[in-house]
Amino acid sequence: MSESAAWIFLPLEVVVAVVCCLGNALVIWAVRAGGSLRKPTFCFITALAVADFLVGSVAIPLGVLVDIRMKISFYGCLFMCCNLIMIEMASVTLLLAVAVDRFLRVHIPLTYKTTVTVKRSWIVVTLCWFMAALISFVPMFGWNNSDNLDNLDSAAHSNSTSFKCHFFTVVSTSYLVKLLFFSCFLPVFAIVTGLYCYIFLTTRRQLRAQIGVHIESGTNYLKEQRLAASLALVYVLFAVCWFPLFLMHTVKHYYGNETVPSSVMHVGVLLSHASSAVNPVVYSFRIPIINKAFRELWVRFFHCGAQQDNDPNNVQTNTDNSTKKQHHIKYIKKQNQEQYTRGGYRL
């Protein structure tokens with residue numbers, strides 16, 4: 261990266277990393293505070309938020325270190341790049357798990373709760389991370405650029421720190437294109453697209469069948485459709501953010517590295533990282549349970565504090581203020597719980 265490009269892209273990467281960490285930390289807190297971890301779907305949403313949080317806290321910092329060409333051994337650099345890929349691949353596998361969960365909710369509604377349990381959901385999450393690691397660390401076992409570096413001495417391949425680390429110097433574009441893009445990303449995208457199409461068509465047909473017959477069942481199907489639409493939006497945004505980067509990798513692989521300018525490649529990388537920052541926005545606006553938890557957080561840390569600061573006659577002690585705030589929060593939670601019981605998602 262040139263010095264002028266560094267002044268542009270590195271601050272943007274820092275901003276994206278901060279937004280990823282804060283937004284997804286709030287999502288994790290919201291799901292846990294709302295007691296939704298007892299529902300399998302929200303186990304997957306939490307796991308996806310953790311993966312997105314790791315993008316901001318681990319993947320982007322590693323990417324910056326790789327991009328500034330820090331001095332490290334060849335395989336040390338490759339190990340860093342594999343960890344970066346693993347975190348991104350975990351998001352892909354978890355998005356597939358979310359789609360399968362929603363498919364089962366619609367396909368086997370009567371046995372869903374006994375088939376898809378919280379314990380099994382966390383087992384699936386573990387398998388998703390295992391698969392992501394298995395795919396991502398393939399370069400450590402030979403599919404890398406070590407044989408193509410004719411201008412490096414033997415020290416670059418040993419444990420010395422004379423090698424200037426850069427992603428495309430150590431990671432093979434054939435691995436990125438043939439394994440990650442053609443063998444993983446595209447098939448998963450096709451499967452998830454098919455699953456969500458089935459979900460929407462099925463719920464639409466069931467909604468039409470329930471109109472004027474069972475109002476409560478029709479309402480439940482409508483809520484299932486809305487939740488599926490929210491989670492499908494997360495995947496669409498992920499695909500939109502990642503497709504440009506994979507297309508650039510494909511062009512570079514088949515037509516040469518010079519065909520894609522480095523500045524354009526950096527825009528693609530930044531866009532792929534931004535996909536992890538927009539997910540909390542989708543959750544907060546589209547999923548009522550998370551939206552309610554965010555509103556509680558707003559009341560707790562902003563609304564109550566502003567009222568106390570603006571009251572000139574406020575002479576109560578800190579203990580009294582804390583007690584009042586706790587009663588107020590309990591009241592809000594009770595109101596939200598009653599709303600959820602009357603009209604929330606029944607997962």
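In the numbering used here, the protein residues as written are 261 to 607.
Beta carbons: idealized from backbone N, C-alpha and C, even for Gly.
Check, Outcome
"Cβ separation of D616 and F441, assumed to be a contact under 8 Å, to the nearest whole Å", "The structure shown has nothing for residue 616, since the chain only spans 261 to 607."
"At least three beta-carbon pairs within less than 8 Å, the stretch 301–319 to the stretch 372–382", "yes"
"Test item: CB-CB of R329 and C444 under 9 Å", "no"
"Cβ shell of F269 (< 6 Å), same chain only, five flanking positions each side left out", "H526"
"Contact set for A415: own chain, Cβ-Cβ below 6 Å, skip 5 residues either direction", "Caution is warranted here: a pLDDT of 44 is assigned to A415, below 50, making its placement in the model unreliable, and the coordinate value is therefore given only provisionally. Answer for A415: S422, listed in chain order."
"9 Å Cβ cutoff met for F397 and M346", "yes"
"N284 versus Y515: straight-line alpha-carbon distance, rounded", "38 Å"
"Proximity winner among R555, S522, Y458, L308, relative to I368 (alpha-carbon distances)", "Y458"
"Where the alpha helix (DSSP H) containing N551 begins and where it ends", "548–558"
"Own chain partners of Y435 with C-beta closer than 7 Å, once the 5 adjacent residues on each side are dropped", "V398, P399, W403"
"Beta-carbon proximity list for C337, same chain, < 6 Å, skipping 5 on both sides", "C425, V430"
"Euclidean distance between Cα positions of C388 and A534", "22 Å"
"Status (buried if at least 16 other CB within 10 Å, exposed otherwise) for F334", "buried"
"T463 vs E484 beta-carbon contact at 9 Å", "yes"
"Under the three-state DSSP convention, the category K483 falls into", "helix"
"Close-in-space but distant-in-sequence residues of the same chain around G316 (CB under 6 Å, 5 per side omitted)", "A277, C280, C281"
"Euclidean distance between Cα positions of F390 and M349", "10 Å"
"Cβ distance (whole Å) where I549 is taken to contact V287 below 8 Å", "Their Cβ separation, rounded to whole angstroms, is 11 Å, which puts I549 and V287 out of contact at 8 Å."
"Sub-9 Å separation of V559 and F506 beta-carbons", "no"
"Distance between A489 and V496 (C-alpha atoms, nearest Å)", "10 Å"
"In chain order, each alpha helix (DSSP H) run of at least 4 residues that lies wholly inside the stretch 288–335", "300–314, 320–327"
"Cβ shell of S532 (< 7 Å), same chain only, five flanking positions each side left out", "C501, W502, L505"
"Residue(s) in a DSSP beta bridge with V511", "Bridge partners of V511: none, in fact."
"Contact under 9 Å by Cβ, Y543 with A492", "no"
"N404 (DSSP reduced to helix, strand or coil)", "strand"
"Supposed close pair L297, L355 - CB separation, criterion 8 Å", "Between L355 and L297 the Cβ distance is about 19 Å, and since that is not below 8 Å, they are no contact."
"Chain-order list of residues whose beta-carbon lies under 7 Å from that of L314 (same chain, five-residue window excluded)", "I347"
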